[in-house]
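With the UniProt record's numbering, the residue at position 112 of the sequence shown is 112, and numbering never jumps.
Take a look at the structure set out below.
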Amino acid sequence: MADSLVIVESPAKAKTIGKYLGRKYIVKASMGHVRDLPKSQLGVDTENGFQPKYITIRGKGDVLKELRDAKKKVKRVYLAADPDREGEAIAYHLAHSLNMEVDEECRVVFNEITKQAVKDAFKHPRKIDLDLVQAQQARRILDRLVGYGISPVLWKKVKKGLSAGRVQSVAVKLIIDREKEIRNFQPEEYWTVTAVLDAEGETFEAKFHGYGKKKKELKNEAEVKELLEAIKGKRFVVDEVNRSERRRNPAPPFITSSLQQEAARKLNFRAAKTMAVAQQLYEGVNLGKKEGSVGLITYMRTDSTRISETARQEARDYIQGQYGESYVPARPRTHKKQTGAQDAHEGIRPTSVLRTPAEMKPHLSRDQYRLYKLIWERFVASQMSPAVLDQISADIRVGEALFRATGSKVKFPGFMKVYTEGNDDGTKEENKFLPALEKGQLLKRKSIRPKQHFTQPPPRYTEARLVKTLEEKGIGRPSTYAPTLSTIQKRGYVMLEERRFVPSELGEVVISLMEEFFPEILDVEFTVNMEESLDYIEEGKVDWVQILERFYEKFQKRLEVAEEEMKEVEIRDEVSDEVCEKCGSPMVYKFGRYGKFLACSGFPDCRNAKPILKSTGVTCPGCKQGEIVERKSKKQRTFYGCNRYPECEFVSWDKPVPRPCPRCKSLMVEKKRKKGTMIQCTHCDYQEEKN
Numbered sequence: 001m002a003d004s005l006v007i008v009e010s011p012a013k014a015k016t017i018g019k020y021l022g023r024k025y026i027v028k029a030s031m032g033h034v035r036d037l038p039k040s041q042l043g044v045d046t047e048n049g050f051q052p053k054y055i056t057i058r059g060k061g062d063v064l065k066e067l068r069d070a071k072k073k074v075k076r077v078y079l080a081a082d083p084d085r086e087g088e089a090i091a092y093h094l095a096h097s098l099n100m101e102v103d104e105e106c107r108v109v110f111n112e113i114t115k116q117a118v119k120d121a122f123k124h125p126r127k128i129d130l131d132l133v134q135a136q137q138a139r140r141i142l143d144r145l146v147g148y149g150i151s152p153v154l155w156k157k158v159k160k161g162l163s164a165g166r167v168q169s170v171a172v173k174l175i176i177d178r179e180k181e182i183r184n185f186q187p188e189e190y191w192t193v194t195a196v197l198d199a200e201g202e203t204f205e206a207k208f209h210g211y212g213k214k215k216k217e218l219k220n221e222a223e224v225k226e227l228l229e230a231i232k233g234k235r236f237v238v239d240e241v242n243r244s245e246r247r248r249n250p251a252p253p254f255i256t257s258s259l260q261q262e263a264a265r266k267l268n269f270r271a272a273k274t275m276a277v278a279q280q281l282y283e284g285v286n287l288g289k290k291e292g293s294v295g296l297i298t299y300m301r302t303d304s305t306r307i308s309e310t311a312r313q314e315a316r317d318y319i320q321g322q323y324g325e326s327y328v329p330a331r332p333r334t335h336k337k338q339t340g341a342q343d344a345h346e347g348i349r350p351t352s353v354l355r356t357p358a359e360m361k362p363h364l365s366r367d368q369y370r371l372y373k374l375i376w377e378r379f380v381a382s383q384m385s386p387a388v389l390d391q392i393s394a395d396i397r398v399g400e401a402l403f404r405a406t407g408s409k410v411k412f413p414g415f416m417k418v419y420t421e422g423n424d425d426g427t428k429e430e431n432k433f434l435p436a437l438e439k440g441q442l443l444k445r446k447s448i449r450p451k452q453h454f455t456q457p458p459p460r461y462t463e464a465r466l467v468k469t470l471e472e473k474g475i476g477r478p479s480t481y482a483p484t485l486s487t488i489q490k491r492g493y494v495m496l497e498e499r500r501f502v503p504s505e506l507g508e509v510v511i512s513l514m515e516e517f518f519p520e521i522l523d524v525e526f527t528v529n530m531e532e533s534l535d536y537i538e539e540g541k542v543d544w545v546q547i548l549e550r551f552y553e554k555f556q557k558r559l560e561v562a563e564e565e566m567k568e569v570e571i572r573d574e575v576s577d578e579v580c581e582k583c584g585s586p587m588v589y590k591f592g593r594y595g596k597f598l599a600c601s602g603f604p605d606c607r608n609a610k611p612i613l614k615s616t617g618v619t620c621p622g623c624k625q626g627e628i629v630e631r632k633s634k635k636q637r638t639f640y641g642c643n644r645y646p647e648c649e650f651v652s653w654d655k656p657v658p659r660p661c662p663r664c665k666s667l668m669v670e671k672k673r674k675k676g677t678m679i680q681c682t683h684c685d686y687q688e689e690k691n
């Protein structure tokens with residue numbers, strides 16, 4: 001008979017842990033939090049030490065009954081929620097709901113769900129950490145005070161259903177500030193001049209650098225003509241050659257934010273999807289009869305790159321066996337702790353490097369496999385030798401003008417044998433090397449290519465860029481990024497267009513009002529200081545009530561002023577050119593959780609609504625009558641289909657090209673490849689590179 005009850009958050013986690021613990025343990029799932037503040041009221045007594053009024057979450061009554069019944073049958077209860085503030089709070093509320101003693105040694109934590117880690121954790125149970133609980137409670141109450149304080153004011157003055165959050169408001173302001181930079185940007189003209197040169201049969205490129213030893217920017221066509229005239233008929237001579245060797249170190253193991261950024265760059269995963277799939281890998285995947293359910297990665301909400309000595313040694317042994325001694329650094333690699341990192345858990349890594357992606361692939365879904373492969377490769381690479389690159393630069397004289405050519409070549413791949421980090425602009429490093437050049441060598445001119453350019457405004461935020469910016473500024477914590485990005489879209493404050501954030505008129509109005517009446521909420525320094533205060537509560541250095549009192553005194557005065565002085569703002573729906581096919585009223589643009597859509601202006605009498613269809617300018621090859629338009633699936637994945645649907649059911653995941661195949665006149669589409677985007681015929685084997 002079982003003599004212990006173990007409570008975790010999810011059934012998947014319960015299944016994995018139950019397998020390790022055996023028959024003496026009953027493992028049940030609480031399905032997350034069981035108690036929270038009520039939705040219908042503030043739920044915080046601001047005049048009595050900010051005492052929260054917790055209630056059982058609707059729908060959790062049956063779960064608690066099952067847990068109470070199971071508790072009666074055992075001698076001891078263990079609370080094994082996730083190893084963070086949220087998990088500690090879940091354990092605290094479970095203990096309260098099950099009438100357990102607060103000082104009971106019932107809390108069990110582990111950073112990875114493997115047999116050894118779980119068994120070791122149950123040998124050392126501890127008391128619930130009340131400092132951690134109070135830090136989570138302070139955050140929850142703080143966010144409730146802000147949300148339930150400002151939101152009703154916005155409902156009165158702007159529109160019903162609006163909300164204002166501490167971290168989400170700063171995120172929206174960052175997006176709006178970037179949009180203002182783009183609107184106010186004044187492009188400046190500049191030119192580049194590239195010489196295509198020949199060195200004994202080997203062709204390479206050199207760019208104009210300046211005159212004499214001074215760098216010179218070419219700002220207009222007149223300056224380009226002056227340069228071309230100055231070098232006309234003159235010889236290109238190698239003036240100086242510099243060779244060097246550069247060592248490049250690998251990126252550290254993932255933390256929450258870097259995982260979200262890299263999954264966005266390399267896998268096109270949204271932040272929420274990354275965390276959901278990572279949770280599945282952490283909680284356990286069934287690997288068949290031999291191993292059963294196993295957690296494949298360590299805990300994925302972390303800001304630390306620290307790695308256990310056991311994991312590091314296992315990786316070093318694997319690298320030596322797989323790639324050879326030269327790929328193992330002489331000293332085990334460690335990574336510098338980031339400023340402000342709590343360092344509570346290890347970095348994100350596979351629970352065993354011996355479970356290679358190739359071996360795990362048959363047991364994983366496509367998304368699980370791709371994310372696991374990313375995590376596994378990043379971790380293995382982080383423990384490998386640096387890459388060694390040969391670099392060469394050559395200064396080439398032609399009269400008084402100086403052209404410069406640079407190149408690099410991988411001498412020893414090191415960690416790059418396994419993994420290289422992505423970047424936000426999607427470009428890939430080119431392994432471009434120059435031919436053997438010697439000082440005084442004459443070069444043959446093949447062509448001169450002048451090209452006009454204009455400076456570009458800063459790019460709009462992608463999810464990856466925004467997460468990176470929030471992290472760099474110290475806004476929020478790892479667990480807050482994904483829900484923050486989701487919330488600001490659901491509220492209609494921002495939209496994603498071509499995977500980049502664009503603010504809505506509603507978002508700009510709300511942030512403008514908050515800047516006027518609640519400037520502290522939007523102040524980055526204030527938000528960072530508040531995060532530090534929550535960390536101090538967790539460390540037991542400050543009292544959580546004092547932090548809330550200090551904040552609420554000023555905030556309450558701001559609310560009173562806003563109630564009196566904020567003017568009402570009417571946001572009118574933008575009228576479209578389309579007419580409702582059901583009642584004949586004009587259609588207007590609305591914002592929903594998935595962005596902009598069309599709705600009938602006759603609402604609520606007419607409830608007609610439909611998505612905004614983006615034309616591709618391509619005639620449907622299915623019915624030869626309709627036009628292919630851009631659509632969104634239920635999971636918000638872009639696809640292309642006929643605008644005569646459901647009469648014509650033609651669909652394509654690939655973007656159509658507005659010109660027919662030069663060979664067979666069939667539809668051509670864009671196909672993304674590792675080396676870039678290809679344009680490919682859907683009927684014959686014709687293909688070409690996209691310019």
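C-beta: ideal position from N, C-alpha, C; glycine also.
Handout entry: Best match in N220, K219, E200 and W191 for proximity to K207 [C-alpha to C-alpha]
Key = Of the candidates N220, K219, E200 and W191, the one whose C-alpha sits nearest the C-alpha of K207 is W191.
Practice task
Starting from I348, trace the alpha helix (DSSP H) both ways and give me its first and last residue.
Solution key: Going by DSSP, I348 is part of no alpha helix (DSSP H) at all; its letter is neither H nor E.
Handout entry: Distance between beta carbons of E88 and L132, contact taken as under 8 Å
Key = L132 to E88, Cβ: 4 Å. Contact.
Problem - Counted within 10 angstroms of its Cβ, other Cβ atoms place Q116 as buried (16 or more) or exposed - result: Under this definition Q116 is an exposed residue.
Exercise for the section: Work out the CA separation of K289 and R23 for me, nearest whole Å. Expected result: So the two alpha carbons sit approximately 18 Å from each other.
Practice task
Would you identify the three-state DSSP class for K156, choosing helix, strand or coil?
Solution key: DSSP places K156 in the helix class (H, G or I) of the three-state scheme.
Problem - Residues bridged to T677 [DSSP beta-bridge criterion] - result: In DSSP, T677 forms a bridge with K672.
Practice task
Can you tell me the Cβ-Cβ gap for E538 and K157, rounded? I've got them flagged as a contact below 8 Å.
Solution key: At roughly 36 Å, the Cβ-Cβ gap does not stay under 8 Å, so E538 and K157 are not in contact.
Practice task
Would you mind reading off the limits of the alpha helix (DSSP H) that contains N242?
Solution key: Premise fails: N242 lies in the beta strand (DSSP E), F236 to R248, not in any alpha helix (DSSP H).
Practice task
Measure the C-alpha to C-alpha separation of N242 and N286 and round it to an integer number of angstroms.
Solution key: One alpha carbon belongs to N242, the other to N286, and they sit about 56 Å apart.
Handout entry: residue 734 versus G201 - alpha carbon distance
Key = For residue 734 there is no data in the structure shown, the boundaries of the chain being 1 and 691.
Handout entry: Reduced DSSP secondary structure (H/G/I, E/B, other) of R366
Key = Note: R366 maps to helix in three-state DSSP.
Handout entry: Exposure of V575, with buried meaning 16 or more beta-carbon neighbours within 10 Å
Key = Counting Cβ neighbours within 10 Å, V575 comes out exposed, since fewer than 16 surround it.
Exercise for the section: Using only alpha-carbon positions, find the residue among G321, Q322 and R312 that is nearest to R331. Expected result: Nearest Cα to R331 within the set G321, Q322 and R312: R312.
Problem - Same chain, Cβ closer than 8 Å to D343, five either side skipped, listed in chain order - result: For D343, the pLDDT reaches just 48, beneath the cut-off of 50, and the residue's location in the model is therefore unreliable, although a value from the coordinates is still provided. Same-chain partners within the cutoff: D303, S304, R306 and K337.
Exercise for the section: Look at the Cβ atom of L98, then the Cβ atom of K71, and state whether they are nearer than 8 Å. Expected result: Annotated as proximal: L98 and K71, with beta-carbon spacing under 8 Å.
Exercise for the section: Could you check what DSSP says for Y645 in three-state terms: helix, strand or coil? Expected result: Of the three classes helix, strand and coil, the one that applies to Y645 here is coil, per DSSP.
Practice task
State yes or no: is the C-beta of P611 within less than 8 Å of the C-beta of V193?
Solution key: No, these two residues do not count as a Cβ contact at 8 Å.
Exercise for the section: Identify, in the order they occur along the chain, each residue of the same chain with its Cβ nearer than 6 Å to the Cβ of V398, setting aside the five sequence neighbours on each side. Expected result: Hits under 6 Å: I231, K234 and F236.
Problem - DSSP-derived helix/strand/coil call for I475 - result: DSSP places I475 in coil when its eight states are reduced to three.
Handout entry: Cβ neighbours of V102 in the same chain (closer than 7 Å, five flanking residues each side left out)
Key = So the list reads A95 and I128, once near-sequence residues are dropped.
Problem - Spatially closest choice to F518 from G584, E508 and K554, by CA coordinates - result: Between F518 and the set G584, E508 and K554, the nearest pair of CA atoms involves K554.
Practice task
Quick one: give me the first and last residue of the beta strand (DSSP E) that Y190 is part of.
Solution key: Here the beta strand (DSSP E) through Y190 covers E189 to A199.
Practice task
Following the continuous beta strand (DSSP E) through R445, name the residue where it begins and the one where it ends.
Solution key: Element bounds for R445: L442 to F454.
Exercise for the section: Report buried or exposed for K557, applying the criterion of at least 16 other Cβ atoms within 10 angstroms of its Cβ. Expected result: So K557 ends up on the exposed side.
Practice task
Could you name the residues that DSSP lists as bridge partners for E688?
Solution key: Answer is I679.
Handout entry: Cβ contact (3+ pairs, closer than 8 Å) linking the segment 271-278 and the segment 6-13
Key = For the pair of segments examined, the segment 271-278 was found not to touch the segment 6-13: the number of CB pairs separated by less than 8 Å stays below three.
Problem - Coil, strand or helix - V63 by DSSP - result: Helix.
Exercise for the section: State the Cα-Cα distance for the pair L548 and T527, rounded to the nearest angstrom. Expected result: Approximately 14 Å, taken between the alpha carbons.
Exercise for the section: Take every Cβ of the segment 647-658, pair it with every Cβ of the segment 613-626, and state whether three or more of those distances are shorter than 8 Å. Expected result: At 8 Å Cβ cutoff, the stretches touch.
Exercise for the section: Can you give me the start and stop residues for the alpha helix (DSSP H) that S533 sits inside? Expected result: Note, S533: alpha helix (DSSP H), V524 to E538.
Practice task
Using a Cβ cut-off of 8 Å (strictly closer), state whether V569 contacts chain C.
Solution key: The chain inventory of the structure shown lacks chain C, comprising one protein chain alone.
Exercise for the section: Determine the DSSP secondary structure at S504, reduced to helix, strand or coil. Expected result: It is coil, neither helix nor strand.
Practice task
Could you name the residues of the same chain whose beta carbon sits closer than 7 Å to that of S308, not counting the 5 residues immediately before and after it, in chain order?
Solution key: If the five residues before and after S308 are omitted, its C-beta is found closer than 7 Å to the C-beta atoms of E346, all from its own chain and listed in chain order.
Problem - Coarse secondary structure for Y640, derived from DSSP in three states - result: Secondary structure of Y640 (DSSP, three-state): strand.
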